[in-house]
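J.: First the structure, then my questions, so here it is.
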Amino acid sequence: MIEITLHKTLNGQKGKMNLDLDFKVNQNQITALYGPSGAGKTTAFRIISGLLMPEKGKIIVNGETWLDTSKKIVLTPKERKIAYVFQDYALFPNMNVENNILFAAGKNPDMNKVKELIETFHLSDLKNQKPQNLSGGQQQRVALARALIQEPNLLLLDEPLAALDNEICVRLQDFLLEIQERYALSILLVSHDIAEIHKLAKHVLHIQEGSIVKSGRPVEVFTGKVSENHLNVYAKILFIDTSRKQITVLVNQERLFSMY
Amino acid sequence: MPLVLPPTVLGFYFLITFSPNSWLSGLLNDWFDLKLVFSFPGLVIASVIYSLPFMVHPVQSELSSLLTSLREASLVMGKSKRTTLFKVLLPNIKPSLLTGFVLTFAHTVGEFGVVLMIGGNIPGKTKVASIAIYDEVEALNYGNANQYSLILFAITFTILLLVYMVNRNEIKRWWK
Chain S
23 MIEITLHKTL NGQKGKMNLD LDFKVNQNQI TALYGPSGAG KTTAFRIISG LLMPEKGKII
83 VNGETWLDTS KKIVLTPKER KIAYVFQDYA LFPNMNVENN ILFAAGKNPD MNKVKELIET
143 FHLSDLKNQK PQNLSGGQQQ RVALARALIQ EPNLLLLDEP LAALDNEICV RLQDFLLEIQ
203 ERYALSILLV SHDIAEIHKL AKHVLHIQEG SIVKSGRPVE VFTGKVSENH LNVYAKILFI
263 DTSRKQITVL VNQERLFSMY
Chain B
317 MPLVLPPTVL GFYFLITFSP NSWLSGLLND WFDLKLVFSF PGLVIASVIY SLPFMVHPVQ
377 SELSSLLTSL REASLVMGKS KRTTLFKVLL PNIKPSLLTG FVLTFAHTVG EFGVVLMIGG
437 NIPGKTKVAS IAIYDEVEAL NYGNANQYSL ILFAITFTIL LLVYMVNRNE IKRWWK
């Protein structure tokens, strides 16, 4: 179980804003943080990773206290065993792909694990390339491999697929699901893409102006009620209009409208 | 301040600060047996302070233009601030470091006011190239002045050329 309680006053776009988050999520699953820009999602990530201190807060991951301001417990990012994939991937331009992974691996890297990750992420042919010579999708894979070599207890993904085109995005979503299952990862994912959240996340927290306004399974959060009947359709959800009670989906490149 | 202050003014203040009667000079003399006025170490220290902005400015502006996420990514990986600086930040601003180095060097080589004030133009000890040129011109030895000037010109031109080639990876291409 991952338990997070945070309080921090932020200077947002509309002046001062309180970031007040209090949630519990299960391990070994993807939990999405959904909300508009400036809602406090990235700040929450910076606090969870140890880059920023909240005024008050408590973070417990797998029973281990990472932060408890009331007891003055503050673990460093290294002690937290956390990995963070930034929106711009933050690959080090002075190192090639392999060295980026080795740098993250620490002083005595497990070379078998490095090799395994390079193969799993299909980076064998690219390992000597500098990040700036890679495509967006390739950079994303390197960033993920670099995160996983740290064997994190919690993986933070800040809009990792936002800058990619649709085709690569869908392929990497599948890949991410496969990797999550394979390594039994606990992932917190920031995303603006409802379709992506439906596909990847088991749980979603809808954040607005620093507070969680809704949380639950994606279908509950985005539609407001749980469907009782099940229909297996492979489709991409384009838009959910709760006021008109309409879902727009794409099936076989054709747009369908469905009332519910 | 060293950037905007006239060199002679800066040199004058150095002279006052490091004069044998000042407490700082006494302290340096007692503890380290160091005399900074009219000596080569004094000349070097004054030049470093005078030229520091030429190194700091390009490095500072390049560091601030680097993505914050690079620094943060390294810190989340558990790397210390020192490791982050030496392994991530500085290697990614190499061209600026080199530019800063060259600007500082060129600025120091051509320096006149500060080194004359603090160094005192003592032959074989604190006489530098730019002052030597001035001395030769004053003594109407244009031949010598021309020779010194050409040497300085050649050194600075070679360094500039090297920097240009390094920054554009020309040397690596040549090597291949």
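For the protein sequence lines, the chains are S and B, in the order given.
Per my numbering, the very first residue in the first sequence carries number 23; after that it's consecutive.
Per my numbering, the very first residue in the second sequence carries number 317; after that it's consecutive.
Virtual Cβ for every residue (Gly too), placed ideally from N, Cα, C.
Nearest-angstrom Cα distance between Ile234 (chain S) and Val482 (chain B)?
T.: So the alpha carbons of these two residues sit roughly 53 Å apart.
J.: DSSP on His144 (chain S), reduced to helix/strand/coil?
T.: Looking at His144 (chain S) - three-state DSSP - the assignment turns out to be coil, as it is neither helix nor strand.
J.: Report yes if the CB atom of Ser385 (chain B) is closer than 9 Å to the CB atom of Lys403 (chain B), and no otherwise.
T.: No, these two residues do not count as a Cβ contact at 9 Å.
J.: Assign His144 (chain S) to one of two classes, buried (16 or more other C-beta atoms within 10 Å of its C-beta) or exposed (fewer than that).
T.: His144 (chain S) should be labelled exposed.
J.: Please name the residue in S:Leu43, S:Gly62, S:Lys103 whose C-alpha comes closest to that of Asn33 (chain S).
T.: Nearest option by C-alpha distance: S:Gly62.
J.: Can you name the residues of chain A whose CB is closer than 8 Å to the CB of Ile69 (chain S)?
T.: Given the protein chain composition of this structure (S and B), no chain A is represented.
J.: Kindly indicate if chain S contains any beta-carbon less than 9 Å away from that of Val320 (chain B).
T.: No, because no Cβ of chain S sits closer than 9 Å to the Cβ of Val320 (chain B).
J.: Can you confirm whether the stretch 80-91 of chain S touches the stretch 239-246 of chain S when touching is taken to mean that 3 or more C-beta pairs between the two stretches lie within less than 8 Å?
T.: The stretch 239-246 of chain S is not in contact with the stretch 80-91 of chain S.
J.: Helix, strand or coil for Glu231 (chain S) per DSSP?
T.: Three-state result, Glu231 (chain S): coil.
J.: Mind pulling the alpha helix (DSSP H) runs of 4 or more residues that sit fully within the stretch 320-362 of chain B?
T.: With a minimum length of 4 residues, the continuous alpha helix (DSSP H) runs that stay inside the stretch 320-362 of chain B are 323-333, 339-348.
J.: Note down the Cα distance separating Ile69 (chain S) from Ile229 (chain S), rounded to an integer number of angstroms.
T.: Distance between the alpha carbons of Ile69 (chain S) and Ile229 (chain S): 16 Å.
J.: Run through DSSP, which three-state label would Asp44 (chain S) get?
T.: If DSSP states are grouped into helix, strand and coil, Asp44 (chain S) belongs with the strands.
J.: Among S:Gly57, S:Gln151, S:Arg163, S:Asn122, whose alpha-carbon lies nearest the alpha-carbon of Glu141 (chain S)?
T.: The candidate whose alpha carbon is nearest that of Glu141 (chain S) is S:Arg163.
J.: Here's a check: name, in chain order, each residue in its chain whose Cβ is nearer than 7 Å to the Cβ of Phe45 (chain S), leaving out the five neighbours to either side.
T.: Same-chain partners within the cutoff: Ile26, Leu227, Ile234, Ser237.
J.: At a CB-CB cut-off below 8 Å, which residues of chain B make contact with Leu170 (chain S)?
T.: None at all; the shortest Cβ gap to chain B is about 12 Å.
J.: Let me know the secondary structure DSSP gives Leu478 (chain B) once reduced to three states.
T.: Helix, per DSSP.
J.: Candidates S:Ala105, S:Asn116, S:Phe244, S:Asn121: which alpha carbon is nearest Phe67 (chain S)'s?
T.: Taking only the C-alpha atoms, the option nearest Phe67 (chain S) is S:Ala105.
J.: Buried or exposed: where does Ala206 (chain S) fall if 16 or more other Cβ atoms within 10 Å of its Cβ makes it buried?
T.: Exposed, since its Cβ has fewer than 16 Cβ neighbours within 10 Å.
J.: Counting only C-beta atoms, is Lys100 (chain S) closer than 9 Å to chain B at any point?
T.: Yes - at least one Cβ of chain B is within 9 Å of the one on Lys100 (chain S).
J.: Taking 8 Å as the limit between beta carbons, can you name the residues of its chain near Ala445 (chain B), skipping five residues before and five after?
T.: Closer than 8 Å at Cβ, skipping near neighbours: Val425, Tyr464, Ile467, Leu468.
J.: Assign Gly238 (chain S) to one of three DSSP states: helix, strand, or coil.
T.: The answer is strand: DSSP assigns Gly238 (chain S) an E or B state.
J.: Using 10 angstroms around the beta-carbon of Gln202 (chain S), count the other beta-carbons present and answer buried if the total reaches 16, otherwise exposed.
T.: Under this definition Gln202 (chain S) is a buried residue.
J.: With 9 Å set as the bound, which would you pick, yes or no: does the beta-carbon of Asp15 (chain S) sit closer than that to a beta-carbon of chain B?
T.: Not covered by the structure: residue 15 (chain S). The range shown for chain S is 23 to 282.
J.: When the distance is taken between beta carbons, is Phe356 (chain B) closer than 9 Å to Leu344 (chain B)?
T.: In this structure, Phe356 (chain B) does not lie closer than 9 Å to Leu344 (chain B) by Cβ.
J.: Nearest-angstrom Cα distance between Arg266 (chain S) and Gln49 (chain S)?
T.: In a straight line, the C-alpha of Arg266 (chain S) is about 36 Å away from that of Gln49 (chain S).
J.: Going by other Cβ atoms of all chains shown within 10 Å of its Cβ, with 16 needed for buried, is Tyr56 (chain S) buried or exposed?
T.: Buried, by the Cβ-count rule.
J.: Below 7 Å between beta carbons is the criterion; list the residues of the stretch 415-439 of chain B that meet it against any residue of chain S, in chain order.
T.: Cβ contacts with chain S come from no residue of the stretch 415-439 of chain B.
J.: Taking Leu73 (chain S) as the query, report the chain B residues whose CB atoms sit under 8 Å from its CB, ordered along the chain.
T.: Residues of chain B passing the Cβ test: Glu388, Leu391, Val392.
J.: Are the beta-carbon atoms belonging to Gly232 (chain S) and Leu194 (chain S) less than 9 Å from one another?
T.: No.
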